[in-house]
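Enquirer:
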Amino acid sequence: MIIPGAASSGYDDAQNLHAFLMTNYSRILTPRFNQSESVDVILSLFLNSVIDFHPVSGVMTFSAAFIIKWKDEIIEKRWRNSGYIDINVTKIAMHNVWLPKIYIRNIANIGSVYQFLSTLDSEMSFVTYTRTGEAIMTCLAVLQTTCQTDVTFYPIDEHTCDISMITINQAINLQTTDEDVVKDLTYQNSEWTITAVVKASRSYKLSEGNFAVNLTRKPVFFVTNLVFPIMIITVVNGLSFFVPIESGERLSFGTSLLLMFVVFLTTVIDVLPSTDNELSYFNIFVFIELNYSCFIVFGIISTLFLYHRSTTKKVPKFLHRITLYVLKKHKTLPVNIDTNPNMNIPTTNSTKLMDLYEQGDDNAYSENQIESVNDDVIKPRVNWRDVSIALDKVLKTITTFFTVCLLLLFILFHIWIEIRTKG
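The opening residue of the sequence shown carries number -8 in the numbering used here; numbering runs sequentially from there.
#1: Identify every residue that forms a DSSP beta bridge with M251.
#2: Just grab the DSSP bridge partners of S37 for me.
#3: DSSP on W70, reduced to helix/strand/coil?
#4: Less than 8 Å between the CB atoms is what I'm expecting for L242 and V227, so what's the real figure, rounded?
#5: For T123, which residues in the same chain have their Cβ closer than 7 Å to its Cβ, ignoring the five residues on either side in sequence?
#6: For F244, does the three-state DSSP call read helix, strand or coil?
#7: Once DSSP output is grouped into helix, strand and coil, what is the label at W89?
#8: Do you know offhand how far I223's Cα is from F233's?
#9: Got a sec? Which residues, its chain only, sit under 7 Å from V259 by beta carbon, not counting five neighbours each side?
#10: If we call anything under 9 Å between Cβ atoms a contact, is D4 one with Y120?
#11: As a quick exercise: from V118, Y178 and Y272, pick the residue whose alpha carbon is nearest that of F404.
#12: Once you ignore the five residues that flank T137 on each side, which residues in its own chain have a CB closer than 7 Å to its CB?
#13: Assign A381 to one of two classes, buried (16 or more other C-beta atoms within 10 Å of its C-beta) or exposed (fewer than that).
#14: Taking the beta strand (DSSP E) that G200 belongs to, which residues open and close that run?
#15: Does the beta-carbon distance from P146 to P91 come in below 9 Å?
#16: How would you label D63, buried or exposed, when you count the other beta carbons within 10 angstroms and need 16 or more for buried?
#17: Just to confirm before moving on: does the CB-CB distance between F44 and A56 stay below 9 Å?
#18: Using the rule of at least 16 other Cβ atoms within 10 Å of the residue's Cβ for burial, across every protein chain shown, is Y283 buried or exposed?
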């Protein structure tokens, strides 16, 4: 039956058109006259915002609008035969027409893109049809998807979260558009920089459209509040061996820094990635720094123990040789003044540390004293205090080298962060 064309498109005409289009319409059958043909469904996604992303659990919470398009041959033919050629667009309730059933493959809570706040919201949702049978429906939803995360480079880590759209109906050919998922109206996240790409694939049994959301952490906050304080504590830790051993404050200084580091870690432990999939380099760095602080405290205790050890106990020969070697390298030698008749210095019965390097050119015998260590003219006698001073110099060299390397590493890391942020 063909209804004569109407001269106007008023309320009655629109109502009559709806009634005509819905006569004997089946929302179960695909909108094709040949039921063996597939329906091309074009899917677009507009990302409104990334509400939250937790790299440990791998769950991304986001709000988005899904724009679904397809062609309804049944509506097109009936509209053409209805006579209402002056009506170009109409809206029909979604519960009365055929809809493509689309799922989110990696959803964390609800699997369908059709979400409504209430029954009224569902009843008021509609599909927009054109006279040529083109159907468009927009779905707004807040969804949670699971992602494969990698926190190896935390706090400068990057993650890719796929929003995989699939349909299990073989009569539907799911396609995606090349439109940008992230637009100018997308709300930016305070912690993550958001970019996205669109990919499409089709398997033997189902078609799939994939929207890949790339999340790059903004590292300024974490570098300022995590990396930089740890670097400062580590650098100050290395200054422990510059505190004079005779002052008695070295041990309290080292233990205070160790306790400060432990307390700092307890306050920031919640923001450190705790996943077992990959151990981040930052976690390894924190572990190394903690062991470094413990090593410094152990070194302080060792030097103090040797410094105050009784001089009546003989130093083993291997420690004697090592101590002489270290002190000679640092131009500081233990010398028994009684055995050196060439030195115009009052005699003493104790072993005295003489810094030959600092004597300079004022005394003509300075260089000779250094060269005569292996001679019988000067017979060095090493006690436990000398061993403590030698160990102190070794530890001071190690901590100074480690501190310098750490500062250079931090400078390079900061430069790399600046380049990466501007790029």
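Just so it is clear, CB atoms sit at the ideal spot from N, CA and C, and this is done for glycine as well.
Expert: Taking the geometry as given:
#1: Its beta-bridge partners do not exist; DSSP assigns none.
#2: Rather than Ser, the amino acid found at residue 37 in this sequence is Phe. Partner(s): A56.
#3: helix
#4: About 15 Å separates the two Cβ atoms, so there is no contact after all.
#5: E67
#6: helix
#7: coil
#8: 16 Å
#9: L217
#10: no
#11: Y272
#12: G49, V50, N97 and A99
#13: buried
#14: S198 to R208
#15: no
#16: buried
#17: no
#18: buried
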